[in-house]
Amino acid sequence: MPGILRNSAIRYLIAGGAAFVVDFALLALFRQVFGWPTWIAAGTAFVLSFAFTYTVQRVFSFESDTPHGRSLLRYTALVVFNTAATAGIVALVDLTDAGWGLGKVVATIATTVWNYFIYRYWVFAEPKVAEPTRTED
């Protein structure tokens, strides 16, 4: 890869931006063009962008060869955690004068930072190979 794209953090941010665009575009398509109720449009867009995000982060950001079952299970667990964390952060900040909007920004920054490290060192990390045990003669 050329220059700056050798850095997985840069690729992660690019992939995340692309994932946001896909999610937002699908939400707009389902809500504005197809006229679906907002909750169905948002949920469907999220599920479809989930597949896109997993794939682009795996292939582009982290160039991972880990088994899909393992990494997809870990990715899904992280999404569940992030959903709860985002809801909690937004709700807590909404109790202040800052409001829910700033809460969403804070939650997005927090999840973006910790997701990079969790993706790199847990979700898409290569499985550790056990070292051979030494036998004494």
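Residues in the sequence shown are numbered consecutively from 1, following the working numbering.
Positions of the beta carbon are idealized from the N, C-alpha and C atoms, including for glycine.
None of these values were measured; they are calculated from a predicted model.
Q: Give the secondary structure of Lys104 by DSSP, where H, G and I count as helix, E and B as strand, and everything else as coil.
A: Numbered from its first residue, the sequence shown carries residue 104 at position 104. The answer is helix: DSSP assigns Lys104 an H, G or I state.
Q) How far does the alpha helix (DSSP H) with Ser8 in it reach, from first residue to last? A) The sequence position of residue 8 within the sequence shown is 8, counting from 1. In the DSSP assignment, Ser8 falls within the unbroken alpha helix (DSSP H) covering 8 to 28.
Q.
Does Ser71 come out as helix, strand or coil in the three-state DSSP assignment?
A. The residue labelled residue 71 in the question sits at position 71 within the sequence shown. Looking at Ser71 - three-state DSSP - the assignment turns out to be helix.
Q. Which residues in the same chain as Arg11 place their Cβ atom closer than 7 Å to its Cβ, once the five residues preceding and following it in sequence are excluded?
A. Your numbering for residue 11 matches position 11 in the sequence shown. Cβ contact annotation for Arg11 (same chain, cutoff 7 Å, sequence separation greater than five): Leu5, Phe60, Ser61, in chain order.
Q: Measure the CB-CB distance between Phe50 and Val79 and report whether it falls below 9 Å.
A: Within the sequence shown, numbered from 1, the residue matching residue 50 stands at position 50. Within the sequence shown, numbered from 1, the residue matching residue 79 stands at position 79. Yes, these two residues count as a Cβ contact at 9 Å.
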